[in-house]
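Participant: The numbering of the sequence shown is our numbering, which starts it at -19 and goes up by one.
My questions all concern the structure below.
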Amino acid sequence: MQLSIVVPTYNESPNVAELVRRVGLAVQGIDAEMIFVDDSTDDTPDEVRRAAVTATLPVRVIHREDPVGGLGGAVIEGFAAAESDVCVVMDGDLQHPPADIPELYRRYRAGDVDLVVASRYTDDGSAQGLADRSRVMVSRLSTALTRAMFPIRLKAVSDPMTGFFLIDRRAVDLEGVKPRGFKILLEILARQSVRVAEIPFRFAERHAGESKASFRQGLHFLRQLTALRFGKMSLFAIIGGLGALANLAIMWGLTHLGMNYLVAAVIGAEVTILANFALQERFVFQDMKGEASGVWSRFAKSFAFNNAEAVIRIPIIALLVNTWHLSSVIAAAITLAVAFVVRFMFHSLVVYAPRTAGKRSLAREVVDELDAQAVSPGEL
Ligand code: GDD
Ligand code: MN
């Protein structure tokens, strides 16, 4: 087998037969197979089996009862199931012209790259098939933003959001890619170094059915982008920073209403601790919640830590001012910075620790965790 064509599908039943037919025509002379990785609630899997009977190439479907990772997760499962190391990924709605597959393959066969991206934004490529003006805008803006955030890794890639590409799976560590949602190519490009080339293609209109892209996918993408670029520690810092501002705003408001400033400070601090917990559950450690202890246990640990930290920090400031004669602002800044790092470590190592700790030594665990969470994937 020279080429495995992986097609993620979610309710694409009216498109399957035509896609299989056109792919069959396109890959004549290439020993290829098609693998549908399907999360549908309609009869897409049956359609695939029907189309397979008359197809001119082997066609199979993996229907996932437990669809993890959405579109991206489906693509990774497709790679794992492929007969060939060389895989093409394309959508199931004919927006990616099957006739371009041989060109992807030809470019790969030149032998100098592991990944060939079919781009809407190079040479005579085009994004015309996008549903409407606003999708075109969103696509262009998010592409520009993404390229600005990864100027080195994406230097050679004009369309990091495309869903149409060829990849030699030997060149990527599939375990290291955390597929979430639509932007599987970006995950690969941002996390790994692969040799890349591009060919232009014209993004066509949907053959039938409707797009599964949504506002939610858009938000998801922004989060994915921040996490890829900055790692968990920075998200944690952003939320902590917002919390500090909220804390001050609450204090300011309450004292203006005539409340004693100490009481206002306590209320501000507690409200912030609660809000920070909710935000970090949702945005920072969402991928670790599943294996960690229950939510109340996590809350208790986080709440206890933050309160203890607030209580301990005051006497330490006093100590720094009195013994080292630092200015109180500098002393407060130092304690805040140290507290931030300790708080991050405590949360990633204790609050969100997997329930069943393996046999790794504690030191090893600390190093591994810090490495995984704080630095990766902050490359460039
Ligand atoms: N298995 C699986 N699971 N497939 C899915 C899922 C899912 O949760 N969600 C969507 N798909 C499939 C669709 O059935 C389709 O075959 C393909 O993924 C792309 O989904 P569309 O709904 O057609 O997305 P789009 O056309 O708006 O977006 C495409 O173009 C974008 C560029 O503008 C995709 O290729 C995106 O990846 C790409 O960024
Ligand atoms: Mn589409």
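In this text, a Cβ means the ideal position worked out from N, Cα and C, and glycines have one as well.
Hey, would you say the C-beta of glutamine 75 is under 6 Å away from at least one heavy atom of ligand 2?
Facilitator: In the sequence shown, the residue the question calls residue 75 occupies position 95. Yes; taking the cut-off as 6 Å, the Cβ of glutamine 75 has a heavy atom of ligand 2 nearer than that.
Participant: Below 6 Å, is the gap between the Cβ of glutamate -8 and the nearest heavy atom of ligand 1?
Facilitator: Position 12 of the sequence shown, counted from the start, is the residue given in the question as residue -8. Yes; taking the cut-off as 6 Å, the Cβ of glutamate -8 has a heavy atom of ligand 1 nearer than that.
Participant: With hydrogens ignored, establish whether the beta-carbon of alanine 139 is closer than 6 Å to any heavy atom of ligand 2.
Facilitator: Within the sequence shown, numbered from 1, the residue matching residue 139 stands at position 159. Per the sequence presented here, residue 139 reads as aspartate, with alanine not at that position. Answer for aspartate 139: no, Cβ out of range of ligand 2.
Participant: With DSSP run on the structure shown, which of helix, strand or coil describes leucine 360?
Facilitator: By 1-based counting over the sequence shown, the position of residue 360 is 380. Annotation note: pLDDT 37 at leucine 360 (below 50); position unreliable, coordinate value reported separately. It is coil, neither helix nor strand.
Participant: DSSP state of histidine 236, grouped into three classes?
Facilitator: Along the sequence shown, read from residue 1 onward, the residue named residue 236 stands at position 256. In the structure shown, histidine 236 sits in a helix (DSSP, three-state: H, G or I).
Participant: Give me whichever residues DSSP pairs with phenylalanine 279 in a beta bridge.
Facilitator: As a working note, residue 279 is residue 299 in the sequence shown. DSSP lists no partner for phenylalanine 279.
Participant: Under three-state DSSP, which class holds leucine 134?
Facilitator: The count along the sequence shown starts at 1 and reaches residue 134 at position 154. Leucine 134: coil per DSSP, three-state reduction.
Participant: Just the Cα atoms here: how many angstroms apart are valine 315 and alanine 288?
Facilitator: Within the sequence shown, residue 315 is the residue found at index 335, counting from 1. Within the sequence shown, residue 288 is the residue found at index 308, counting from 1. A quick correction: the sequence has threonine, not valine, at residue 315. Taking the straight line from one Cα to the other gives about 13 Å.
Participant: Measure the C-alpha to C-alpha separation of alanine 170 and alanine 193 and round it to an integer number of angstroms.
Facilitator: For the purposes of this step, residue 170 is taken as residue 190 along the sequence shown, with counting starting at 1. For the purposes of this step, residue 193 is taken as residue 213 along the sequence shown, with counting starting at 1. Going by the C-alpha atoms only, they are around 21 Å apart.
Participant: If we ignore side chains and look at the alpha-carbon of each, how far apart do glutamate 57 and isoleucine 296 end up?
Facilitator: Taking the sequence shown and counting its residues from 1, one reaches residue 57 at position 77. Taking the sequence shown and counting its residues from 1, one reaches residue 296 at position 316. When rounded, the distance between both Cα atoms is 52 Å.
Participant: For phenylalanine 162, does the three-state DSSP call read helix, strand or coil?
Facilitator: For the purposes of this step, residue 162 is taken as residue 182 along the sequence shown, with counting starting at 1. In the three-state reduction of the DSSP assignment, phenylalanine 162 falls in the coil class.
Participant: Is threonine 24 near ligand 1, in the sense that its beta carbon is under 6 Å from a heavy atom of that ligand?
Facilitator: Walking along the sequence shown from the start, residue 24 turns up at place 44. No, the Cβ of threonine 24 stays beyond 6 Å of every heavy atom of ligand 1.
Participant: Less than 6 Å separating the Cβ of aspartate 80 from some heavy atom of ligand 2?
Facilitator: Taking the sequence shown and counting its residues from 1, the one referred to as residue 80 is at position 100. Not under cutoff, so the answer is no.
Participant: Does the segment 5 to 16 come within contact of the segment 71 to 85, defined as at least 3 CB pairs closer than 8 Å?
Facilitator: Three or more Cβ pairs drawn from the segment 5 to 16 and the segment 71 to 85 lie within less than 8 Å of each other, which places the two stretches in contact.
Participant: Name the DSSP beta bridge partners of alanine 177, please?
Facilitator: Translated into the one-based positions of the sequence shown, residue 177 becomes position 197. Beta-bridge pairing links alanine 177 to Val96.
Participant: Per DSSP, what are the beta-bridge partners of valine 0 in this structure?
Facilitator: Numbered from 1 along the sequence shown, position 20 holds the residue referred to as residue 0. DSSP, once it has assigned bridges, lists no residue as partnering valine 0.
Participant: Identify whether histidine 200 lies in helix, strand or coil by the three-state DSSP scheme.
Facilitator: In the sequence shown, the residue the question calls residue 200 occupies position 220. Histidine 200: helix per DSSP, three-state reduction.
Participant: Taking contact to mean 3 or more Cβ pairs, one atom from each stretch, closer than 8 Å, check whether the segment 82 to 92 and the segment 189 to 206 are in contact.
Facilitator: The segment 82 to 92 vs the segment 189 to 206: no contact.
Participant: Starting from the C-beta of valine 116, find all residues in its chain whose C-beta is less than 7 Å away, skip the five residues before and the five after it, and write them out in chain order.
Facilitator: What you label residue 116 is simply residue 136 of the sequence shown in a count that begins at 1. Excluding residues within five positions, the ones whose Cβ falls inside 7 Å are Ala107, Leu110.
Participant: If you follow the alpha helix (DSSP H) that valine 321 is part of, which residue opens it and which one closes it?
Facilitator: Position 341 of the sequence shown, counted from the first residue, corresponds to residue 321. Valine 321 -> alpha helix (DSSP H) spans 308 to 326.
Participant: Three-state secondary structure (DSSP) at valine -13?
Facilitator: Numbered from 1 along the sequence shown, position 7 holds the residue referred to as residue -13. DSSP, reduced to helix, strand and coil, places valine -13 within a strand of the structure shown.
Participant: Below 8 Å CB to CB, which residues in the same chain sit around serine 99 once its five sequence neighbours on both sides are set aside?
Facilitator: Sequence index remark: in the sequence shown, residue 99 carries index 119 (1-based). Same-chain partners within the cutoff: Gly105, Val137, Ser138, Asp139, Thr142, Glu178, Ile179, Pro180, Phe181.
Participant: Thinking C-beta only, is alanine 31 closer than 7 Å to valine 3?
Facilitator: Residue 3 sits at position 23 when you count from the first residue of the sequence shown. Residue 31 sits at position 51 when you count from the first residue of the sequence shown. Not closer than 7 Å, so no.
Participant: Taking 7 Å as the limit between beta carbons, can you name the residues of its chain near isoleucine 294, skipping five residues before and five after?
Facilitator: Indexing the sequence shown from 1 puts residue 294 at position 314. Counting only Cβ-Cβ distances below 7 Å, and skipping sequence neighbours, we find nothing.
Participant: Classify arginine 40 as helix, strand or coil using the three-state DSSP reduction.
Facilitator: For the purposes of this step, residue 40 is identified with residue 60 of the sequence shown, where counting begins at 1. Arginine 40: strand per DSSP, three-state reduction.
Participant: Just checking, does the segment 11 to 19 make contact with the segment -15 to 0 on the three C-beta pairs under 8 Å criterion?
Facilitator: yes
Participant: Per DSSP, which residues does isoleucine 15 bridge with? Please list them.
Facilitator: For this step, residue 15 is matched to residue 35 along the sequence shown. Answer is Val(-14), Arg40, bridged to isoleucine 15.
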